[in-house]
Amino acid sequence: MRIAVIDENPVRAAIMEDGLAEVGERDVFVISERNGMARAIETIDPDVILIDLGNPSRDMLEEYFSVSRAISRPIAMFVEQSDDDAIAAAIDAGVSAYIVDGLSQRRLKPILDLAVRRFQAFSRLQTELKEARDALSEREVVDRAKKILIRKRGLSEPDAHKLLRDHAMNSNKRMAEVAESIVTAELLLGGDL
Amino acid sequence: MTLDQMNIGFLPLVDAALPILAQEHGFAEEQGLNLNFIKDVSWASVLDRLLYGHTDAAHLLAPLAIATTLGRGRPAKALSVPFILGLNGNAITMSHKLADIVAPVGMLGDPIAVGNKLKAEISERAKAGSRVRFGVVHRYSGHNYKLRYWLAQCGIAPDRDIDIVTIAPPFAADALASEEVDGICVGEPWNSVAVERGVGRIVLVTAQIWRRGVEKVLAMPTARLDDDREKIERLVRALHFAAKHFIDPENWDANANILARAEYLDGSAKLINRAISDRIMFTAGAQPVDVPDFMFQYREAANFPWISQAAWLYSQMVRWDHLQYSAEDQLRAEQVFRPNVYRTALKGLDTPMPGANAKLEGSVTRNMPVGSTQGRLTLGANPFFDGRVFDPTEVQKYLEALPKA
């Protein structure tokens, strides 16, 4: 079975490609270039094309399928319109599938399921990355608040930390929130931050 | 009061304005609605999200709503259109190289004169073994149909003499810049973006081809509309008030600024303002020029879904997809447009309401008062550039009389 993965995000495309190794006998082709996509597909002649929902080339691809004589086989989006749950899951994960050949659902289902799992894994990765970044900036704001306390109240670094933590605990807030209000107040009161 | 939530899909185009402004100016809230927006870059994605319930309604190409209902290119699913988001607002922008050959500088071309010169250039290029290539935003778009209507009338066979390819609107200017295409037919602000970047100039606007051509619509699955009729009628009312607000020059600057925001069009307020005010800059460095009727958002019952417009789009689908004409398909296409929903939603308001659901498209040559059931309604000139009149009850005859291509 020949599978073409169209994704302009190379990281996600790689994750897809790895994941599809779990499917038995298959050849996976990754297309990440928008120009010349139609020609690439013609050359690959895939049975299944997996493409991310937000891909700007989707309209072009549908158009190409509807007029191309090179691929004179029936084209459908997903095999069975009736399988709404599977389709909804695929769309939620951001993946669409175009079936280039008349492929039976039995053969296609595992590939789609896998693609969906892979896409979800990728979006989890993105979320974790964002959380890590947020944590980083929280640490920065705490550091800035501590510096203000050290300078204004002549505290040592551990005491400044303790003051922030105690105040956060007593007021049922996160340390970063308390730190942020200190930094904001300093800015408003004309501190030279 | 808790507000009913609705998700609206859209593409970053000026004619997505009404739902956005309905939310931003509080017209949605007045109707007990809170609208969330989901932005995409291709129409296929907007449609997918609509069909599988990510969105409740969407800013959509009118012909795509009909194609989806008729099952063109994918399994059929009935869509309904209770409100037209706008008429026209598109332009044909050509590379400087092609524009210099076929069009005058500093003004809009005459469709027939430009078409004749383009025909000559196409045969010149054919001798040299090259072809002229145009980009449109979707196979099932008003852009594709208006471009083809114009070309065919000028003696150019769109499927034989030139290439027409699909390019998502945000990439149209890029395609022109990289010489992937010689011209684009796209909605604003993407023509102005191409002009501003100096990669082409605006040669024609689609209002010159069909003065009152239907463009984007508010679409939703028919089943959804029937289940939630009352809520959809509230949405139609919010859009109606947004449209009325939109055309007031006092609001243009503010609206351009809202639409320019990152979550909406993520573009230049200056360029968006040109489309809103019908003042178009044809080529980089020139003064914007007033183009009457460039884009229509409210006047003359512009938001009313005329079933004769749906029928015209169906006639072009038959023509360019080489379909067998079928009275049954025409009826299904016409039923996509839902004047009955528009009527009940806006009953008793100040808006003029046409007395009929269909009209002869292209038959009005000067301002003409027409029968209305509420208020007074005058229709402005709505001709096709070739003077042809479309009678929705004579589609087969109409198709036979059109140039063969």
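Chains as they are written, first to last, in the working numbering: chain A, 2 to 194; chain B, 85 to 489. Here a beta-carbon is modelled for each residue, glycine too, at the ideal position from N, C-alpha and C. Remember, it's a predicted structure, so these values are computed and weren't measured experimentally.
Check: Pro254/B at chain A interface by Cβ criterion, 8 angstroms; Outcome: yes
Check: Three-state secondary structure assigned by DSSP to Phe30/A; Outcome: strand
Check: Beta-carbon spacing of Met61/A, Glu26/A below 8 angstroms; Outcome: no
Check: Min CB distance Ser33/A to chain B below 8 angstroms; Outcome: no
Check: Closer than 8 angstroms to chain A by CB, Trp234/B; Outcome: no
Check: Extent of the continuous alpha helix (DSSP H) run through His109/B; Outcome: Here His109/B belongs to no alpha helix (DSSP H), and DSSP marks it neither H nor E.
Check: Cβ neighbours of Glu280/B in the same chain (closer than 7 angstroms, five flanking residues each side left out); Outcome: Leu355, Ala368
Check: For Val130/B, the first and last residue of its enclosing alpha helix (DSSP H); Outcome: 127 to 135
Check: C-beta atoms of Ile42/A and Ala14/A nearer than 8 angstroms; Outcome: no
Check: Selection from Phe468/B, Phe469/B, Val454/B that minimises the alpha carbon distance to Thr462/B; Outcome: Val454/B
Check: Between the CA atoms of Ile100/A and Val80/A - distance to the nearest angstrom; Outcome: The predicted model places Val80/A with a pLDDT of 45, which falls under 50 and marks its position as unreliable; any figure quoted below should be read in that light. One C-alpha to the other measures close to 7 angstroms.
Check: Stretch pair the segment 266 to 276 of chain B + the segment 165 to 184 of chain B: three plus CB contacts closer than 8 angstroms; Outcome: yes
Check: Chain A contact residues for Tyr136/B, given Cβ-Cβ distances below 8 angstroms; Outcome: Asp85, Ile88, Ala89, Ile92
Check: Residue-level contact to chain A via CB, His129/B, 8 angstroms cutoff; Outcome: The sequence as given places Ser at residue 129/B; His does not occur at that position. Output row for Ser129/B: interface = yes.
Check: Residue range of the unbroken beta strand (DSSP E) whose run includes Leu163/B; Outcome: 163 to 168
Check: Which of helix, strand or coil DSSP assigns to Asn441/B; Outcome: coil
Check: Gly157/B at chain A interface by Cβ criterion, 8 angstroms; Outcome: yes
Check: Three-way DSSP call (helix, strand, coil) for Ala71/A in this model; Outcome: Below a pLDDT of 50, predicted positions are generally treated as unreliable, and Ala71/A, at 49, falls in that range; no measurement from the model is reported.
Check: Chain-ordered neighbours of Val125/B on chain A, where CB pairs are closer than 7 angstroms; Outcome: Gly55, Pro57
Check: Per-residue contacts from Leu223/B into chain A (C-beta, under 9 angstroms); Outcome: According to the sequence displayed, residue 223/B carries Arg and not Leu. Those within 9 angstroms of Arg223/B in chain A are Asp60, Glu63, Glu64, Ser67, Val68.
Check: CB contact check: Ile293/B to chain A, cutoff 8 angstroms; Outcome: no
Check: Test: Ala71/A CB closer than 8 angstroms to a CB of chain B; Outcome: For Ala71/A, the predicted model reports a pLDDT of 49, less than 50, meaning its position is unreliable and no value from the coordinates is stated.
Check: Selection of the segment 189 to 204 of chain B by Cβ proximity to chain A, strictly under 9 angstroms; Outcome: none
Check: Ile151/A versus Glu187/A - alpha carbon distance; Outcome: 13 angstroms
Check: Check whether Ile293/B and Pro195/B have beta carbons under 8 angstroms apart; Outcome: yes
Check: Ala417/B vs Leu444/B beta-carbon contact at 8 angstroms; Outcome: no
Check: Segment contact flag, the segment 326 to 336 of chain B with the segment 238 to 258 of chain B, C-beta cutoff 8 angstroms, min 3 pairs; Outcome: no
Check: C-alpha gap between Ile104/B and Arg313/B, whole angstroms; Outcome: 21 angstroms
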